[in-house]
Amino acid sequence: MAVLTPDTPVPHAAARVIARDVHWIGALDPELRRFDLLLDSAHGTTYNAYCVRGSAGVSIVDTVKETFADEFFRRLESVADYDEIRAIVLNHLEPDHSGALPELRRRAPKARLYVSSRAQMMLKGVLHGTAGEFTAVQTGDHLDLGDRRLRFLQTPYLHWPDTQCTYLEGDALLFSGDIFGSHYCDARLFNDAVGSFRAAFEQYYACIMRPFAREVRQALALIEPLPLRLIAPAHGPILRDAPAYYLSRYRELSTPSPATGEHTLLVFYLSAYGNTRRMAEELARAAASDEVRVELIDLDGAAIAPLLERIERADAIACGSPTINGDAVKAVWDLLSSLTCIDVRGKIGAAFGSYGWSGEAVRMIEERLRGLKLRTPLPGVRARLTPGSDELAACRSLGHDLALHLCGRAEHRTIDMASLA
Amino acid sequence: MPKAKVTFEDVGVTVTVPAGTRLIEVSEKVGAGITYGCREGECCTCLTKIVAGGEHLTLPSILEAQVLKDNLAPRQHRLACQAQVLCGEIVVAPA
Chain A
1 MAVLTPDTPV PHAAARVIAR DVHWIGALDP ELRRFDLLLD SAHGTTYNAY CVRGSAGVSI
61 VDTVKETFAD EFFRRLESVA DYDEIRAIVL NHLEPDHSGA LPELRRRAPK ARLYVSSRAQ
121 MMLKGVLHGT AGEFTAVQTG DHLDLGDRRL RFLQTPYLHW PDTQCTYLEG DALLFSGDIF
181 GSHYCDARLF NDAVGSFRAA FEQYYACIMR PFAREVRQAL ALIEPLPLRL IAPAHGPILR
241 DAPAYYLSRY RELSTPSPAT GEHTLLVFYL SAYGNTRRMA EELARAAASD EVRVELIDLD
301 GAAIAPLLER IERADAIACG SPTINGDAVK AVWDLLSSLT CIDVRGKIGA AFGSYGWSGE
361 AVRMIEERLR GLKLRTPLPG VRARLTPGSD ELAACRSLGH DLALHLCGRA EHRTIDMASL
421 A
Chain B
1 MPKAKVTFED VGVTVTVPAG TRLIEVSEKV GAGITYGCRE GECCTCLTKI VAGGEHLTLP
61 SILEAQVLKD NLAPRQHRLA CQAQVLCGEI VVAPA
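The structure is reproduced here in structure tokens:
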């Protein structure tokens with residue numbers, strides 16, 4: 001449940017000073033229980049927006065979800081007049097940050113919109129003609145507010161292509177967008193004043209940022225050299241106490257395990273009568289060597305969550321499923337649908353399985369593996385009912401060839417497109 | 001019909017293809033790591049590094065050129081869903 005209590009009334013009209021002439025003007029959503037259909041938010045969330053005043057005008061950084069626009073405008077009006085606003089920076093176009101933009105543009109017609117270069121392709125889809133004139137910015141571009149300057153840092157895919165951070169120079173303040181965010185609502189706002197939000201911070205990373213670990217590392221390369229006194233994310237507590245901790249935690253979470261020199265292949269299977277299991281065993285035996293560590297995992301009844309870390313660390317996965325009612329078995333889909341939560345791009349994937357009469361499962365799994373951005377250089381193996389010697393040999397061949405790919409010793413093939421299915 | 005050879009470095013495969021084939025059509029078939037998204041040249045998911053032979057591809061359309069620019073794509077990168085093979089030998093890899 002949300003941390004807000006009757007003793008801490010929500011100050012609906014009050015903006016909060018977070019630095020000299022910088023105010024929080026966001027909104028509190030203590031009732032939210034699920035975000036983006038992905039993420040439980042037992043403590044609600046906040047939609048953080050900020051007002052930065054310089055000698056040459058005011059910039060608004062992000063807005064709020066449309067249904068919270070009144071709260072946002074009341075706070076904004078308490079610290080700035082609309083005709084003072086000369087810039088609106090959107091670090092991220094998702095509706096929980098852009099929802100109040102159309103109305104803000106109407107109220108502050110002198111303001112120019114600043115978005116990331118990659119936001120351009122999405123702007124029309126999100127704002128449907130209400131975006132107006134805008135400037136697309138890149139890393140290193142500045143917005144001059146007179147006596148202070150905002151600098152833009154492109155941080156794509158954290159967690160949309162458009163996402164960026166905005167750095168208030170001199171004040172060492174980073175408006176980080178969704179990076180370093182938490183779904184945690186507490187009207188006390190600052191990380192040293194709110195209750196314990198560690199679990200919310202970790203969950204936010206796991207659900208939102210983890211699939212983009214390599215982009216997190218790229219973003220950290222931009223952010224870590226900056227002097228930082230305060231991180232102002234788009235959700236959850238404002239990080240004024242020990243902001244460096246949150247950078248180091250992101251660094252830790254996004255750093256892959258050190259290479260062991262050994263390649264890992266995980267062979268998952270489901271088997272009603274032992275046929276697909278037999279195929280899995282043949283494949284696994286053929287792939288295993290001093291260079292390739294193979295783990296055989298029966299998915300029947302297996303908990304998915306603990307497998308994700310193993311898959312994240314593995315170099316390849318092979319999925320075996322019988323075809324039942326023209327489909328792969330649900331446990332395989334449960335596993336594959338969970339892989340969107342981790343970074344599997346570029347890993348090697350393969351499929352196999354027994355079938356009775358139609359055998360669609362292998363192709364379906366291969367297609368899904370490709371959709372998850374794995375490489376699938378080797379065609380899957382199917383066996384009608386009980387695998388015979390030829391089919392078991394094909395499984396061994398698949399295992400052997402997977403191992404060669406993992407070790408970088410696969411033979412280069414030259415083929416004609418007409419021979420490809 | 002003129003043919004061309006496209007090599008997908010990440011899976012170690014060279015494919016002989018008819019002129020006019022889009023890179024993504026072959027990439028999917030050989031299981032290369034060049035992945036697709038919208039297939040309409042808008043999302044930039046299929047951004048591909050052209051390691052060699054870029055001159056053997058059709059020139060980027062106005063739409064593709066804009067998407068490459070908006071996404072700050074490095075030089076010698078194309079959208080696999082848009083670039084069509086003309087002739088010669090082309091080597092590609094995931095971006």
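Protein chains in written order, with the UniProt record's numbering: chain A, 1 to 421; chain B, 1 to 95.
Think of the CB as a built atom: it goes at the ideal place given N, C-alpha and C, for glycine as much as any other residue.
From A:P233, A:R148, A:L222 and A:L247, pick the residue whose C-alpha is nearest to that of S182 (chain A); which is it?
-> Put simply, of A:P233, A:R148, A:L222 and A:L247 the residue whose alpha carbon is nearest the alpha carbon of S182 (chain A) is A:P233.
Between N191 (chain A) and the rest of its own chain, which residues show a CB-CB distance below 6 Å, the 5 nearest in sequence each way excluded?
-> Leaving aside the five residues that flank N191 (chain A) on each side, the residues in its chain whose CB is nearer than 6 Å to its CB run, in chain order, P237, L239 and D241.
Listed by chain order, chain B residues near residue 468 (chain A) by CB distance under 8 Å | No answer is possible for residue 468 (chain A): it lies beyond the span of chain A, which begins at 1 and ends at 421.
Which of helix, strand or coil does DSSP assign to W24 (chain A)?
-> Assignment of W24 (chain A) by DSSP, reduced to helix, strand and coil, places it in the strand class.
Taking Cβ to Cβ, would you say L402 (chain A) is nearer than 8 Å to A361 (chain A)?
-> Taking 8 Å as the Cβ cut-off, L402 (chain A) and A361 (chain A) do not qualify as a contacting pair.
Can you give the Cα-Cα distance for A288 (chain A) and D327 (chain A), rounded to whole angstroms?
-> Distance from the CA atom of A288 (chain A) to the CA atom of D327 (chain A), rounded to whole angstroms, is 29 Å.
Out of curiosity, what's the CA-to-CA distance linking L253 (chain A) and S196 (chain A)?
-> L253 (chain A) and S196 (chain A): Cα-Cα distance of roughly 19 Å.
Verify whether the separation of the beta carbon atoms of L266 (chain A) and A305 (chain A) is less than 8 Å.
-> For L266 (chain A) and A305 (chain A), no; Cβs fall outside 8 Å.
Write down the C-beta distance between G12 (chain B) and R413 (chain A) rounded to the nearest angstrom, noting that I regard them as a contact closer than 8 Å.
-> Taking C-beta atoms under 8 Å as the contact rule, G12 (chain B) and R413 (chain A) qualify, at a distance of about 7 Å.
Return no unless some Cβ of chain B is closer than 8 Å to the Cβ of P6 (chain A).
-> Note that P6 (chain A) has pLDDT 40, beneath the 50 cutoff, so the model's placement of it is unreliable and no number is given.
Using DSSP with H/G/I as helix, E/B as strand and the rest coil, what is Y82 (chain A)?
-> Looking at Y82 (chain A) - three-state DSSP - the assignment turns out to be helix.
Straight-line Cα distance separating S27 (chain B) from R345 (chain A) = Taken atom to atom, the span from the alpha-carbon of R345 (chain A) to that of S27 (chain B) is near 15 Å.
H142 (chain A) burial status per 10 Å Cβ neighbour count (16 or more: buried) = Exposed.
Give the straight-line distance between the Cα atoms of C319 (chain A) and G301 (chain A), rounded to the nearest whole angstrom.
-> The straight-line gap from Cα to Cα measures roughly 15 Å.
Going by C-alpha distance, which of A:E281, A:T276 and A:A383 is nearest V332 (chain A)?
-> The residue with the shortest Cα to Cα distance from V332 (chain A) is A:T276.
As assigned by DSSP and simplified to three states, the class of A93 (chain B) | DSSP, reduced to helix, strand and coil, places A93 (chain B) within a strand of the structure shown.
With 16 other Cβ atoms within 10 Å as the buried cut-off, status of E391 (chain A) = So E391 (chain A) counts as buried.
Any residues in the stretch 111-127 of chain A with a beta carbon nearer than 8 Å to a beta carbon of chain B? Which ones, in chain order?
-> For the stretch 111-127 of chain A, the set of residues with a beta-carbon nearer than 8 Å to any beta-carbon of chain B comprises S117, R118, Q120 and M121, in chain order.
Would you kindly report the start and end of the unbroken alpha helix (DSSP H) that includes G399 (chain A)?
-> First-last of the alpha helix (DSSP H) with G399 (chain A): S389 to L406.
Would you say T48 (chain B) reaches chain A, if we count a Cβ-Cβ gap shorter than 8 Å as a contact?
-> For T48 (chain B), the answer is no, since every Cβ of chain A falls outside 8 Å of its Cβ.
Report the neighbours of R413 (chain A) on chain B: residues whose CB is nearer than 8 Å to its CB, in chain order.
-> The contacting residues are G12, V13 and T14.
Can you tell me which of B:P94, B:V92, B:I90 and B:D70 puts its alpha carbon nearest to the alpha carbon of T139 (chain A)?
-> Minimum Cα-Cα distance from T139 (chain A) among the listed residues B:P94, B:V92, B:I90 and B:D70 corresponds to B:D70.
Note down, one range per segment and in chain order, each alpha helix (DSSP H) of at least 4 residues found wholly within the stretch 294-374 of chain A.
-> Segments of the alpha helix (DSSP H) lying fully in the stretch 294-374 of chain A: 305-313, 330-338 and 361-371.
Secondary structure of G146 (chain A), DSSP reduced to three states = In the three-state reduction of the DSSP assignment, G146 (chain A) falls in the coil class, being assigned neither a helical nor a strand state.
Element boundaries [beta strand (DSSP E), containing K49 (chain B)] = Residues L47 to A52.
For P161 (chain A), name the three-state secondary structure that DSSP assigns.
-> DSSP places P161 (chain A) in coil when its eight states are reduced to three.
Extent of the continuous beta strand (DSSP E) to which L266 (chain A) belongs = From DSSP, the beta strand (DSSP E) with L266 (chain A) extends over H263 to Y269.
Let me know if P156 (chain A) comes out buried or exposed under the rule of 16 or more other beta-carbons within 10 Å of its beta-carbon.
-> Result: buried.
Flag this pair as yes or no: are the beta carbons of Q46 (chain B) and G37 (chain B) separated by less than 8 Å?
-> Correcting the residue identity first, residue 46 (chain B) is Cys in this sequence and not Gln. In this structure, C46 (chain B) places its C-beta atom within 8 Å of the C-beta atom of G37 (chain B).
Partners in chain B for G346 (chain A), counting only beta-carbon separations shorter than 9 Å = Simply D10, G33 and P94.
Can you tell me the Cα-Cα spacing of E9 (chain B) and W24 (chain A), whole angstroms?
-> If you take the alpha carbons of E9 (chain B) and W24 (chain A), they lie about 50 Å apart.
Any heavy atom of the ligand MG closer than 7 Å to the Cβ of V85 (chain B)?
-> The ligand MG is not part of the structure shown, which contains no ligands of any sort.
Applying a beta-carbon distance threshold of less than 8 Å, which residues of chain A neighbour L79 (chain B)?
-> Chain A residues near L79 (chain B): none, gap ~12 Å exceeds 8 Å.
So is A2 (chain A) buried or exposed if we call it buried at 16+ other beta carbons inside 10 Å?
-> Confidence at A2 (chain A) is low in this model, with a pLDDT of 42, below 50, so the placement of that residue is unreliable and no value is reported for it.
Test: M417 (chain A) CB closer than 8 Å to a CB of chain B | Chain B, which has a Cβ nearer than 8 Å to the Cβ of M417 (chain A), makes this yes.
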